[in-house]
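Numbering (mature numbering (1 follows the signal peptide of the UniProt record, and there is no 0)), first residue to last: -19 to -1, 1 to 261. Positions of the beta carbon are idealized from the N, C-alpha and C atoms, including for glycine. Okay, structure first, notes after.
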Amino acid sequence: MNRMITCLVICLASFQLFSQEHLPHATDYKHFYTTKTLVVLEDNPFCEYNYKIKEAVEENWKATAYEFISIDEFQKKKHERNYSFLVTSTVTFNKDKTNAQYHFLSLVLGGPAEEIGNMPDLCSIPLSYVNVDEATYIYKLSSIVEFMQNHIALVNKNPEIITENILKYYNKNSAETKYKTLYLLKDELSSEINTLAKISKVYSGKVKLVTADEIEEAIRNKNSQVIFLHKVGPEHTKSKARCFKILIGASDAKFYYFDFHMVKGNEADGFLKSDFKKID
């Protein structure tokens, strides 16, 4: 996939959605509702991302008027304040010795900034490591887009929750996972916890080991009893840095859990035993 190579540099050692200097303001969230959202497509018209992001926006986006544009059009229109942009970017962490790069989906506001990392960023969600196949996340795009829209509405009504680690706000929902069924891919679990027998020793809720197709079906059918894992890790690439873990409701894109760990030693690329303990 030919992506716009735009580098959003996070100037902090630990994962934070925003550096302090780029923390969005309550007025930014209010202004968003006066904009038209331009959804930036990839250069390759046949890539699956373009098809899936169009489908996700057409099915879920109600916050603003929207239009699909090219990367070239984004470069021409990014300075206009009457636009917001749903765009992928390449994210690095400047204190990360591994130099790992990640793909994020970001909702930013138009304005004077030249670089996307300096544009007011209302919500950014990790999709994958660079060079990891889009198949690892593409089937979850609908839920991610729906979450971003809901998140903007929540923050607009409750601006006091704006912080550097704003996604951790949703960890207050983690105890609710036990009332639903976790749909998990076996290969997204660390080896210490990759069977139902192992999981049952540390987590009292319901768990089902499924395929990506079953997760996509639950999302499509708005199954209110299902929560699925969105895991962003190095997979089989040489880069080994952060592993992001997000539990998302299939019916309403509600976040139940957000965390990350560094992939090293016993902390593998996957959902860990310690994650199950945190949500139990």
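Could you tell me the alpha carbon to alpha carbon distance between residue i and residue j, rounded to whole angstroms?
| i | j | result |
| --- | --- | --- |
| isoleucine 50 | proline 26 | 11 angstroms |
| lysine 35 | histidine 211 | 20 angstroms |
| aspartate 24 | alanine 44 | 26 angstroms |
| glutamate 145 | aspartate 102 | 12 angstroms |
| valine 244 | leucine 108 | 17 angstroms |
| alanine 193 | isoleucine 229 | 14 angstroms |
Buried or exposed: which applies to residue i, given that a residue is buried once 16 or more other Cβ atoms fall within 10 Å of its Cβ?
| i | result |
| --- | --- |
| alanine 199 | buried |
| glutamine 56 | exposed |
| tyrosine 14 | exposed |
| arginine 201 | exposed |
Helix, strand or coil: which one does DSSP assign to residue i?
| i | result |
| --- | --- |
| isoleucine 143 | coil |
| leucine 253 | coil |
| glutamate 115 | helix |
| glutamine 56 | helix |
| arginine 62 | coil |
| valine 38 | helix |
| glycine 246 | coil |
| phenylalanine 13 | helix |
| glutamate 48 | strand |
| leucine 148 | helix |
What are the boundary residues of the beta strand (DSSP E) that residue i is part of?
| i | result |
| --- | --- |
| histidine 84 | 82 to 90 |
| leucine 135 | Per DSSP, leucine 135 belongs to no beta strand (DSSP E); it is in the alpha helix (DSSP H), 122 to 138. |
| histidine 6 | That residue, histidine 6, is in no beta strand (DSSP E); it is neither H nor E in DSSP. |
Nearest to residue i by alpha carbon, out of the options?
| i | options | result |
| --- | --- | --- |
| tyrosine 164 | Ser70, Lys187, Met129 | Lys187 |
| isoleucine 133 | Ala193, Ile106, Val113, Glu197 | Ile106 |
| isoleucine 125 | Gly98, Gln206, Thr16, Glu197 | Glu197 |
| alanine 81 | Ala249, Ala231, Lys219 | Lys219 |
Which stretch, first to last residue, makes up the alpha helix (DSSP H) that contains residue i?
| i | result |
| --- | --- |
| serine 109 | Unbroken run through serine 109 is the beta strand (DSSP E), 102 to 110; no alpha helix (DSSP H). |
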